[in-house]
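If you use numbering that gives the first Met the number 0, the sequence shown corresponds to residues 0 to 237, in order. In this text, a Cβ means the ideal position worked out from N, Cα and C, and glycines have one as well.
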Amino acid sequence: MYLETADIDSSTEDYATRFSGPVGEYFLGVQTHLTLTCITSGPGSSILDVGGGHAQLAAPLVKHNFRVTVTGSDESCRNLLDQRLEPNSFSFDVCDMLALPYDNNSFDYVLAFRLLPHVDRWQQLLAEMCRVARTAVIFDYPDIRSSNVLYDMLFTFKKKYEKNTRTFKMFRRSEITKELVINNFSPPQFNPQFFLPMVIHRSLKRVAISKTLEALCKVLLLTRYFGSPIIVKSTKKL
Numbered sequence: 000m001y002l003e004t005a006d007i008d009s010s011t012e013d014y015a016t017r018f019s020g021p022v023g024e025y026f027l028g029v030q031t032h033l034t035l036t037c038i039t040s041g042p043g044s045s046i047l048d049v050g051g052g053h054a055q056l057a058a059p060l061v062k063h064n065f066r067v068t069v070t071g072s073d074e075s076c077r078n079l080l081d082q083r084l085e086p087n088s089f090s091f092d093v094c095d096m097l098a099l100p101y102d103n104n105s106f107d108y109v110l111a112f113r114l115l116p117h118v119d120r121w122q123q124l125l126a127e128m129c130r131v132a133r134t135a136v137i138f139d140y141p142d143i144r145s146s147n148v149l150y151d152m153l154f155t156f157k158k159k160y161e162k163n164t165r166t167f168k169m170f171r172r173s174e175i176t177k178e179l180v181i182n183n184f185s186p187p188q189f190n191p192q193f194f195l196p197m198v199i200h201r202s203l204k205r206v207a208i209s210k211t212l213e214a215l216c217k218v219l220l221l222t223r224y225f226g227s228p229i230i231v232k233s234t235k236k237l
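In C-alpha cells:
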C-alpha cells in the first residue's frame, strides 16, 4: 500500500455523485474553464493528471486533444475514466504519487485536483509534480482566507446535507507560494472559483441563482480576495 491513497476515494461512483445534476455541472464547468485558461500551449501537449481518476479534467482535456496520462494509487482508480473516455484516448499508470515513475521534465503540464487537501505529505506531492513538469503545475486547494474560516460550523452542515463529504486541510497562499518557490517554480497565479461555499449552491439547487450570486461577488471583488477553492498555476523557472 502506498503512503498516500486519497485519490482512491475521489475515483469512486459515490464521490462522482457530489458533482451530478445541474449544480454539479456548473461546478465542473467553472473548474474546466479556469484550468483550460491556465494551459497556454496547443493541442498535443502532454499532461499528467495526478490522482485524476475522478475524470473531472481528463475527459475535457482529451476532448481538447491533449495527450493525457492519469495516475492512480490503485487499479480501481481508472473505473470512471474507462466509463467516460474512449478506449486508448488516455494512458493510466498505477503508482506512488510521492515517487512518480517518470523522468524529470516528462510532461508539459502536471495537474492535481481534489487531492492536495487530503494528502498528509502534500509538500512531497508538490515536489514530485514540479520535478516531472516541463512547463507548469496546476492544482486546486481550499484557502483559509475564505468562508472556510467557518469550517467547523459548515462541516456539520455539509456532512448532514452532502453525506459523503470528507475532512480536508486548508492552506494559506503564502505556504503554497513557499513550496513552489523552493522547487524552482514562479510565485503562482491564484484563480479563486467561488465566493459562496459550494454546499450553499448545492442546497439552493438553482444554477441561475448561483450564477447570479457568484457574478455579483466577482464584481465586488469578493471572489478575488476571499474565494475558494483556488486553482493555482505556477511555471518552472528557466
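1) Give the secondary structure of G50 by DSSP, where H, G and I count as helix, E and B as strand, and everything else as coil.
2) Could you tell me the boundaries of the beta strand (DSSP E) in which S90 lies?
3) On a CA-only basis, which of N103, F138 and Q123 is nearest A132? Give me that one, please.
4) Would you mind stating whether G211 and P191 have Cβ atoms separated by less than 8 angstroms?
5) Closest to R144 by CA distance: which of Q123, I229 and S9 is it?
6) So the alpha helix (DSSP H) A15 belongs to, where does it begin and stop?
7) Which residue from Q55, R171 and S173 puts its Cα closest to that of Y25?
8) The alpha helix (DSSP H) that contains T235, what's its start and end?
9) So, for S146: in the same chain, excluding its five sequence neighbours on each side, which residues have a beta-carbon less than 6 angstroms away from its beta-carbon?
10) Residues in its own chain within less than 8 angstroms of L220 by CB, not counting five upstream and five downstream?
11) N190 lies in the beta strand (DSSP E); which residues open and close that run?
12) Have a look at the DSSP bridge pairing and note the partners of A135.
13) So that I know if they touch, is there some Cβ in chain D lying closer than 8 angstroms to that of M197?
14) Under a Cβ-count criterion, where at least 16 other Cβ atoms within 10 Å of its own Cβ denotes burial, should Y224 be classed as buried or exposed?
15) DSSP on S146, reduced to helix/strand/coil?
16) Would you call the stretch 110–121 and the stretch 39–56 in contact, with 3 or more CB pairs under 8 angstroms?
17) Report the residue from K217, L35, A58 and V206 whose alpha carbon sits nearest the alpha carbon of G240.
With the given structure in hand:
1) coil
2) S90 to V93
3) N103
4) The sequence shown places Thr at residue 211, rather than the Gly named in the question. No, the Cβ-Cβ distance between T211 and P191 is not below 8 angstroms.
5) I229
6) E12 to A15
7) Q55
8) Strictly speaking, residue 235 in this sequence is Lys, with Thr absent from that position. Unbroken run through K235: none, as it is neither H nor E.
9) P196
10) none
11) Q188 to P191
12) Y108 and T234
13) Protein chains in the displayed structure number just one, and chain D is not present.
14) exposed
15) helix
16) yes
17) No statement about residue 240 is possible, as the shown extent of the chain runs from 0 to 237 and does not include it.
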